[in-house]
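Numbering (the numbering used here), first residue to last: 157 to 469.
Quick reminder that beta carbons are idealized off the backbone N, C-alpha and C, glycines included.
Please read these numbers as outputs of a predicted model, since none were measured by experiment.
Accompanying notes for the structure given below.
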């Protein structure tokens with residue numbers, strides 16, 4: 157990885173950590189206000205959003221810890237460093253979101269049959285303050301930039317909470333104008349649906365990284381074509397593409413060279429291929445095994461020698 161790339165990642169991650177700290181403090185302070193408001197005004201919508209906010213605060217804390225872990229250098233035990241800490245943090249966040257949503261659903265269903273009296277004005281005041289915190293935190297996190305799942309998880313929390321705050325304001329208006337207390341648990345169900353959808357997407361994407369699926373947005377056929385069509389390349393096989401972390405794609409491949417070249421020339425061709433992968437696809441971690449001819453190992457089987465099956469062999 158180039159020095160410029162290292163510096164860029166270092167600056168980016170410092171900005172992300174700073175944004176996470178700001179969002180964590182703001183949301184922790186508002187959580188206290190929302191719990192007090194929910195109890196004082198008997199509002200499930202506020203308490204439901206407070207439960208979600210609690211998962212937000214925990215999630216932001218997890219994201220901040222994960223952000224610190226992924227900056228640790230590689231070691232003999234963890235030769236790639238702890239880059240997947242942010243993916244694990246994002247997955248825990250997804251589970252927290254899902255758990256909070258299920259609690260909201262259970263409590264809302266219980267209250268639909270006997271909705272308590274709710275203070276509409278109180279709902280509006282507290283939820284409006286929450287909306288300001290949510291939007292402010294989302295802006296801070298979005299400005300930190302980057303495409304890591306860890307930051308995306310934190311941003312999803314904030315956006316979902318902003319939607320919940322808007323819905324709670326609407327519930328407060330309905331209670332204030334029409335004394336419609338039933339709106340409070342119904343709005344809570346809508347909030348839960350939004351949270352569950354966000355959790356599902358987050359869990360799906362983190363699982364994709366942990367299962368070493370091909371990075372989203374990178375076409376394996378195009379990558380293979382770029383390698384195969386490069387000067388001096390006969391063919392490509394044993395091609396694998398995955399993510400070390402959410403924004404760090406990696407590749408390994410066997411590349412058969414067309415000409416009978418010296419070891420020095422082969423190394424130069426390999427470096428050119430890596431430069432092309434970096435420039436064309438953003439792949440910084442590329443491991444290329446250069447071959448003078450296709451030399452897949454053979455195994456003895458019941459029907460005699462056969463080649464070991466492999467992807468893109």
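- Burial state of residue 229 is exposed, judged by a 10 Å Cβ sphere holding fewer than 16 other Cβ atoms.
- Annotated three-state conformation of residue 190 is helix, per DSSP.
- Per DSSP, the continuous alpha helix (DSSP H) segment holding residue 313 begins and ends at 305 to 334.
- DSSP places residue 252 in the uninterrupted alpha helix (DSSP H) bounded by 241 to 268.
- In this structure the region 287 to 304 does not touch the region 232 to 239; the number of beta carbon pairs closer than 8 angstroms is below three.
- Going by beta carbons, residue 225 and residue 179 fall outside the 8 angstroms limit.
- For residue 400 against residue 406, the beta-carbon gap comes to about 5 angstroms, under 8 angstroms, which counts as contact.
- Taking C-beta separations shorter than 6 angstroms and ignoring five residues to either side along the sequence, the partners of residue 175 in its chain run 296, 297 and 300, following chain order.
- Rounded to whole angstroms, the separation of the alpha carbons of residue 241 and residue 284 is 34 angstroms.
- Assigned with DSSP and collapsed to three states, residue 271 falls in coil, not helix or strand.
- A Cβ-Cβ contact shorter than 8 angstroms links residue 254 with residue 355.
- The shortest C-alpha to C-alpha distance from residue 342 to any of 444, 263 and 196 is the one to 263.
- A straight-line Cα-Cα distance of about 11 angstroms links residue 204 and residue 321.
- The Cβ atoms of residue 346 and residue 329 do not sit closer than 8 angstroms to each other.
- The straight-line gap separating the alpha-carbon atoms of residue 344 and residue 389 is approximately 60 angstroms.
- In terms of Cβ geometry, residue 219 and residue 310 form a close pair [threshold 8 angstroms].
- Per DSSP, residue 294 is not a residue of any beta strand (DSSP E); the alpha helix (DSSP H) it occupies stretches across 276 to 299.
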